[in-house]
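First the structure, in the form of structure tokens, and then the observations on it.
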Amino acid sequence: QDCTLNLRAGEIAGLVGPSGAGKTTLADILAGFLVPDRGHLVIDGRALGPADLPRWRASVGYLPQDAFLLPATIRENLLAAAPGATGAEIDAAIELAAADFVHRLPQGLATQVGDRGALLSGGERQRIALARAFLRRPRLLILDEATAALDGESQARVAAGLRGLRGETTVLTIAHRLSMAAVADRVHVLEAGRIVESGAWADLIASPGSRLAALAAAEAGEIADTGAPEARAGRPMAPAAE
5 QDCTLNLRAG
15 EIAGLVGPSG
25 AGKTTLADIL
35 AGFLVPDRGH
45 LVIDGRALGP
55 ADLPRWRASV
65 GYLPQDAFLL
75 PATIRENLLA
85 AAPGATGAEI
95 DAAIELAAAD
105 FVHRLPQGLA
115 TQVGDRGALL
125 SGGERQRIAL
135 ARAFLRRPRL
145 LILDEATAAL
155 DGESQARVAA
165 GLRGLRGETT
175 VLTIAHRLSM
185 AAVADRVHVL
195 EAGRIVESGA
205 WADLIASPGS
215 RLAALAAAEA
225 GEIADTGAPE
235 ARAGRPMAPA
245 AE
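In my numbering, the protein residues as written are 5 to 246.
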């Protein structure tokens, strides 16, 4: 409601906010899955009408936290996004998604994933789904909590892969763990359906009274209360931007 979000072509944008703020709803509007009652989705200065939405949806890659996999092989799941992809392109997508565990499987890309990926762990399913999204190379890639099941090292590798897409693909990463938003060129804070703050990570996190700094402090407090390894090791929850 009364929400304006501007994404620059080729940038990495982070969207953060408390549960129920409307992050997934806003992502669904951006992807063309939901049409707002008022206002417009504008691409390159042009408001998209009903006739434009199918083509726009086809140019968007959307990866939710609970990614869907076909009951087929890993290769078939990847090629579902890009049927004409070469072996080199598949390998590059696997590397970007930190999914190189595939090459250590006895059957490699020919491994069956089971119904909805049941033969893989949650983190493995997410990495295959990430590789599929990277392989497609959409104009806009939306990652909605898509790294939630990954360990810290794998998440860092995915963040490095996203940096490699700068200037080529516009990326919106919706992050529950704020460390994933630190890779963004700009971070937007959503509360109660409105964008209340936008700016560079380093500027917002250092600004007294900023909403991002408050969210980071609350997250750090939650980790300290649970005695998570990050807190015991003294590692910061919200790493500084590059």
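Cβ atoms here follow ideal geometry from the backbone N, Cα and C, with glycine treated the same way.
All figures in this text were calculated on a predicted structure; none of them were measured in a lab.
ask   = Per DSSP, Val175 is paired with what?
value = What you label residue 175 is simply residue 171 of the sequence shown in a count that begins at 1. Beta-bridge pairing links Val175 to Ile16 and Leu145.
ask   = Secondary structure at Ser158, three-state DSSP: helix, strand or coil?
value = The residue labelled residue 158 in the question sits at position 154 within the sequence shown. Looking at Ser158 - three-state DSSP - the assignment turns out to be helix.
Beta-carbon spacing of Glu223, Leu182 below 8 Å = Within the sequence shown, the letter at position 219 stands for residue 223. Within the sequence shown, the letter at position 178 stands for residue 182. Going by C-beta atoms, Glu223 is nearer than 8 Å to Leu182.
task = Following the continuous alpha helix (DSSP H) through Gly126, name the residue where it begins and the one where it ends.
result = Here the question's residue 126 lines up with position 122 in the sequence shown. Segment Gly126 to Arg140, the alpha helix (DSSP H) holding Gly126.
request  = Kindly indicate which three-state DSSP category Ala85 falls into: helix, strand or coil?
outcome  = Indexing the sequence shown from 1 puts residue 85 at position 81. Correct three-state label for Ala85: coil.
query = On the three-state DSSP scale, how would you describe Arg42?
reply = Along the sequence shown, one-based indexing puts residue 42 at 38. Arg42 falls in the coil class under three-state DSSP.
ask   = How big is the Cα-Cα spacing for Leu67 and Ala114?
value = Counted from its first residue, the sequence shown places residue 67 at position 63. Counted from its first residue, the sequence shown places residue 114 at position 110. The straight-line gap from Cα to Cα measures roughly 23 Å.
Per DSSP, the bridge partner or partners of Gly118 = Stepping through the sequence shown from its first residue, residue 118 is reached at position 114. According to DSSP, Gly118 bridges with nothing at all.
inquiry  = Which same chain residues end up closer than 8 Å to Leu219 when comparing Cβ atoms and leaving out the 5 residues on each side of it in sequence?
reply    = Counting from 1 along the sequence shown, the entry for residue 219 is found at position 215. Closer than 8 Å at Cβ, skipping near neighbours: Val20, Gly21, Pro22, Leu182 and Val193.
Touch test, the region 56-72 against the region 137-151, Cβ-Cβ under 8 Å, three pairs minimum = Contact between the region 56-72 and the region 137-151 is present, because at least three Cβ pairs lie under 8 Å.
inquiry  = So Phe138 and Ala101 are supposed to be a Cβ contact under 8 Å. How far apart are they, rounded?
reply    = Counting from 1 along the sequence shown, the entry for residue 138 is found at position 134. Counting from 1 along the sequence shown, the entry for residue 101 is found at position 97. Yes, they are in contact, since the Cβ atoms of Phe138 and Ala101 sit about 6 Å apart, within 8 Å.
Arg79 versus Glu99: straight-line alpha-carbon distance, rounded = Position 75 of the sequence shown, counting from 1, holds the residue named residue 79. Position 95 of the sequence shown, counting from 1, holds the residue named residue 99. If I take the Cα positions, the gap works out to 14 Å.
inquiry  = For Leu194, report the span of its beta strand (DSSP E) as first-last.
reply    = Within the sequence shown, numbered from 1, the residue matching residue 194 stands at position 190. First-last of the beta strand (DSSP E) with Leu194: Arg190 to Glu195.
request  = Return helix, strand or coil for Arg108, following the three-state DSSP convention.
outcome  = Here residue 108 refers to the residue found at position 104 when the sequence shown is read from its first residue. Shown here, Arg108 sits in a helix according to DSSP, grouped into three states.
message = The alpha helix (DSSP H) that contains Gly91, what's its start and end?
response = Your numbering for residue 91 matches position 87 in the sequence shown. Boundaries of the alpha helix (DSSP H) around Gly91: Gly91 to Leu100.
Nearest neighbour of Ala97, chosen from Gly168, Ala76 and Leu123 [CA to CA] = Counting from 1 along the sequence shown, the entry for residue 97 is found at position 93. Of the candidates Gly168, Ala76 and Leu123, the one whose C-alpha sits nearest the C-alpha of Ala97 is Gly168.
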